[in-house]
Amino acid sequence: MPRKIKVNKKQVLKQPDEFISFGSKVFQFLKTYQKQFLIILPIIAILIISISLFNYYTKHNDELAFSMLTKTLETEKDINKKKAALINIKNKKFTDASKYASFYLAQIYYSQNDKTGAKKELENAMSIKNDYYKSSAINLYADILVSENKLNEAISIIDKNSVFSSPFKEELLFKKAQILEQLNKKDEAVKIYEQINKDYPDFYLIKLVQAKLK
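In the working numbering, the protein residues as written are 6 to 219.
Next comes the structure, spelled out in C-alpha cells:
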C-alpha cells in the first residue's frame with residue numbers, strides 16, 4: 006500500500022504565494038531605485054533614437070553615394086573629372102560606396118603608373134565584402150607587389166585574404182602558385198596546382214594548371 010502523505014492545511018495556507026512574493030520584491034526594487042530609473046530611462050531613449058537616426062543617415066548617405074558612383078562610371082568620360090568624382094565619393098564616411106570608389110580609383114592610378122596611389126586605394130578596396138571586387142583588388146595588389154619584386158609580400162597578401170567562394174578562391178591559389186614558381190619554390194607550387202586540379206576541376210584555367218603538372 007502506498008504511504009499517505011499528510012498535508013497540514015494551516016501550514017500550506019501560511020506559506021506565501023511565490024508569484025506575489027516575487028512581484029512584491031520587484032515593486033520594492035523599483036521603488037528603491039525610482040530616482041535612478043527616472044535618470045537612466047531618458048538616457049536609454051535618447052541612445053535608441055540617436056542610433057536609429059545614425060543608421061537612417063548612413064543608409065541614406067550610402068544610397069546617394071552609390072547613385073553618384075553609378076552615374077560617374079556610366080557617364081563621365083573625362084579621366085580627370087572621373088578621378089575627382091571618385092575621390093569625392095571615397096571621402097564619404099560610413100559608406101560602402103567609398104570602398105568601391107577606391108577600387109575604381111586604383112584602376113586609374115595603376116593605368117597612370119602611380120603604383121603608390123593604387124596600393125593605397127586597394128588597401129581600402131580589399132575591405133569590400135563582395136567576392137568579385139575584393140578578389141580583384143587582391144589580385145591587382147599582388148601584381149603590383151610582384152612588379153616591385155616584393156614576391157613574399159604578394160604571397161602574404163593572398164594568404165591573409167584566402168576565404169572566397171569559387172572561382173575567386175582558385176584564382177588566388179593559381180596566382181600564389183605562379184609567384185612561388187618565381188621564387189623557385191616549385192615543390193610548393195606543384196602542391197597548389199594539384200590542389201586546384203583536384204578540388205576545382207571546372208576552373209576556367211584548369212588546362213594551364215594541368216600543363217604545369219606534366
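Every residue gets a Cβ at the ideal spot worked out from N, C-alpha and C, and that includes glycine.
Go through its chain and collect everything with a Cβ distance to Lys-217's Cβ below 8 Å, but skip five positions before and after it.
Contacts found: Ala-182, Ala-194, Val-195 and Tyr-198.
Tell me, to the nearest whole angstrom, how far the beta carbon of Leu-145 is from that of Ile-184; I am working on the premise that it is less than 8 Å.
The Cβ separation is near 14 Å, so there is no contact.
Neighbourhood of Asp-101 by C-beta distance below 7 Å, restricted to the same chain and skipping five residues each side:
Asp-67
Just to confirm before moving on: does the CB-CB distance between Ala-111 and Lys-95 stay below 8 Å?
Not in contact: Ala-111 and Lys-95 (Cβ atoms no closer than 8 Å).
Looking at the structure shown, is Glu-153 part of a helix, part of a strand, or coil, going by DSSP?
coil
Use the C-beta contact count for Tyr-137: other C-beta atoms within 10 angstroms, 16 or more gives buried, fewer gives exposed.
Exposed is the call here.
What's the gap between the Cα of Gly-122 and the Cα of Leu-69?
25 Å
Beta-carbon separation of Thr-75 and Leu-91 under 8 Å?
no
Span separating the alpha-carbon of Gln-200 from that of Lys-87
42 Å
With distances taken from CA atoms, which of Lys-30, Phe-108, Asp-148 and Tyr-115 is nearest Ser-161?
The closest CA to that of Ser-161, considering only Lys-30, Phe-108, Asp-148 and Tyr-115, is found on Asp-148.
Output the residue ranges of the beta strand (DSSP E) runs that lie fully inside the stretch 99 to 132 and measure 3 residues or longer, sorted by chain position.
none
Considering Cα atoms alone, identify which of Lys-134, Asn-135 and Ile-113 is closest to Ile-126.
According to the sequence shown, residue 126 is Glu rather than Ile. The residue with the shortest Cα to Cα distance from Glu-126 is Ile-113.
Just mark Glu-153 as buried or exposed, buried being the case when its beta carbon has 16 or more other beta carbons within 10 Å.
exposed
If distances are taken between C-alpha atoms only, which option among His-65, Lys-98, Glu-186 and Ser-141 comes closest to Lys-174?
Ser-141
Straight-line gap, Phe-71 to Lys-97 (C-alpha atoms, nearest Å)
Taking the Cα positions, Phe-71 is about 11 Å away from Lys-97.
Do Asn-166 and Ile-143 have their C-beta atoms closer together than 8 Å?
yes
Glu-186 - containing alpha helix (DSSP H), residue span
Here the alpha helix (DSSP H) through Glu-186 covers 173 to 187.
For the alpha helix (DSSP H) containing Asn-135, list its first residue and its last residue.
Where Asn-135 is concerned, there is no enclosing alpha helix (DSSP H), given that its DSSP letter is neither H nor E.
By how many angstroms is the C-alpha of Ile-49 removed from the C-alpha of Glu-81?
Each residue's Cα considered, the two are about 47 Å apart.
Asn-202 and Gln-187 closer than 8 Å at C-beta:
no
Short Cβ contact (8 Å threshold) for Phe-99 with Thr-63:
yes
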